[in-house]
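**Student:** Got a structure for you, written out below as structure tokens; questions coming shortly.
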């Protein structure tokens with residue numbers, strides 16, 4: 036396999052700076068399309084490594100309605116994870132422009148890369164999770180419901196890995212493409228007039244199986260952008276399949292939880308880390 040070099044990137048945050056390594060997601064910048072063709076792509080993983088790793092890594096999917104990528108939901112999240120020993124892998128995915136396989140292929144590839152590089156980056160390959168916010172939560176949920184197993188014998192150590200995450204943390208996520216969906220996310224993902232089959236396929240609550248991994252969800256009850264019914268739909272679908280799940284309902288904060296700060300923001304961060312510790316303790 037051709038060696039891919041990492042590029043060093045420095046992010047300036049209030050009161051500090053954070054250094055990451057940027058890895059192109061696809062060999063030679065050529066990403067797949069549904070037709071079997073490829074397109075030029077700058078999709079990438081930014082790798083934020085903690086000083087004292089605890090063996091866990093999380094692929095982070097920022098939101099933005101599938102029309103952009105929101106900055107407050109990536110580098111600051113990676114910094115927070117690093118402070119708790121977790122490797123943060125920020126995914127800069129392709130925007131769908133009406134083709135849902137663009138971001139889905141990218142999150143699958145990101146999880147495969149994360150597993151293939153586990154030894155090098157300092158965590159366990161069986162503790163690779165996914166985290167998503169808003170539309171990024173929909174992408175993360177797709178990773179849990181539409182993952183691919185690895186393909187052995189092809190000579191590519193990345194493609195040989197499974198893209199199934201070991202756990203998921205979904206923060207005010209878009210889940211459904213049905214009536215409760217966020218209209219902008221659905222339009223950007225599926226186009227202006229998707230058929231019923233496409234809506235069902237990308238409604239994550241309808242795609243849960245016995246192999247969907249344990250999932251933590253959190254949502255403000257006063258969210259008027261992405262209604263909390265999205266989290267409830269996924270939580271109930273997980274429970275129906277007996278998948279370990281927790282849904283933390285937040286009393287207030289709206290979409291984005293008061294701009295990523297305050298007691299509701301602190302509450303989901305604290306509880307999600309506790310949930311992870313409980314998950315590993317049950318192994």
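In my numbering, the protein residues as written are 36 to 318.
Think of the CB as a built atom: it goes at the ideal place given N, C-alpha and C, for glycine as much as any other residue.
#1: Going by C-alpha distance, which of 180, 221 and 297 is nearest residue 134?
#2: What does the alpha-carbon distance come out to for the pair residue 162 and residue 198?
#3: If you run the structure through DSSP and keep just helix, strand and coil, what is residue 67?
#4: Just to confirm before moving on: does the CB-CB distance between residue 93 and residue 123 stay below 8 angstroms?
#5: Counting C-beta neighbours from all protein chains within 10 Å, is the total for residue 244 16 or more, i.e. buried, or is it exposed?
#6: For residue 273, which residues does DSSP report across the bridge?
#7: Quick check on residue 260: does DSSP put it in helix, strand or coil?
#8: Beta-carbon within less than 6 angstroms of residue 105's beta-carbon, same chain only, minus the 5 sequence neighbours each way: which residues are those?
#9: Does the beta-carbon of residue 210 have 16 or more other beta-carbons within 10 angstroms, so that it is buried, or is it exposed?
#10: Considering only the alpha carbon of each residue, which of 217, 247, 192 and 307 lies closest to residue 62?
#11: Along the chain, where does the beta strand (DSSP E) containing residue 297 start, and where does it finish?
#12: Classify residue 154 as buried or exposed, calling it buried when 16 or more other Cβ atoms lie within 10 Å of its own Cβ.
#13: Please state if the CB of residue 257 and the CB of residue 287 are separated by a distance shorter than 8 angstroms.
#14: Where do the ends of the beta strand (DSSP E) carrying residue 81 lie?
#15: Using only CA atoms, which one of 264, 302, 246 and 90 lies nearest to residue 277?
#16: Exposed or buried, residue 48, counting other C-beta atoms within 10 Å across all chains shown (16 or more means buried)?
**Tutor:** So, from the listed chains and residues:
#1: Along the chain shown, one-based indexing puts residue 134 at 99. Closest option to residue 134, Cα to Cα, is 221.
#2: The count along the chain shown starts at 1 and reaches residue 162 at position 127. The count along the chain shown starts at 1 and reaches residue 198 at position 163. Those two C-alpha atoms are separated by around 12 angstroms.
#3: Here residue 67 refers to the residue found at position 32 when the chain shown is read from its first residue. Here DSSP, grouped into helix, strand and coil, assigns residue 67 to strand.
#4: As a first step, residue 93 must be located in the chain shown, where it is residue number 58. As a first step, residue 123 must be located in the chain shown, where it is residue number 88. Yes; because the gap between Cβ atoms is below 8 angstroms, this pair is in contact.
#5: Taking the first residue of the chain shown as position 1, residue 244 is located at position 209. Burial state of residue 244 is exposed, judged by a 10 Å Cβ sphere holding fewer than 16 other Cβ atoms.
#6: The residue you call residue 273 lines up with position 238 of the chain shown. Under the DSSP definition of a beta bridge, residue 273 lacks any partner.
#7: Here the question's residue 260 lines up with position 225 in the chain shown. DSSP places residue 260 in the coil class of the three-state scheme, outside both helix and strand.
#8: Position 70 of the chain shown, counting from 1, holds the residue named residue 105. Its chain contains 97, 98 and 99 as the residues whose beta carbon lies nearer than 6 angstroms to that of residue 105, once the 5 sequence neighbours on both sides are disregarded; these appear in chain order.
#9: Residue numbering aside, residue 210 sits at position 175 when the chain shown is read from its first letter. Label assigned to residue 210: buried.
#10: Residue mapping note: residue 62 aligns to position 27 of the chain shown, counting from 1. Ranked by Cα distance from residue 62, the options 217, 247, 192 and 307 are led by 192.
#11: Counted from its first residue, the chain shown places residue 297 at position 262. Taken as a continuous stretch (DSSP letters only), residue 297 belongs to no beta strand (DSSP E), as it is neither H nor E.
#12: Walking along the chain shown from the start, residue 154 turns up at place 119. By the neighbour-count rule (16 or more Cβ atoms within 10 Å), residue 154 is not buried but exposed.
#13: Within the chain shown, residue 287 is the residue found at index 252, counting from 1. Within the chain shown, residue 257 is the residue found at index 222, counting from 1. A contact, by the Cβ cut-off of 8 angstroms.
#14: Numbered from 1 along the chain shown, position 46 holds the residue referred to as residue 81. Note, residue 81: beta strand (DSSP E), 79-83.
#15: In the chain shown, residue 277 corresponds to position 242, counting from 1. Comparing C-alpha distances from residue 277 to each of 264, 302, 246 and 90 shows the shortest one belongs to 246.
#16: Start at 1 with the first residue of the chain shown, and residue 48 comes out as number 13. Confidence at residue 48 is low in this model, with a pLDDT of 46, below 50, so the placement of that residue should be treated as unreliable; the coordinate-derived value is given next. Its Cβ having fewer than 16 others within 10 Å, residue 48 is exposed.
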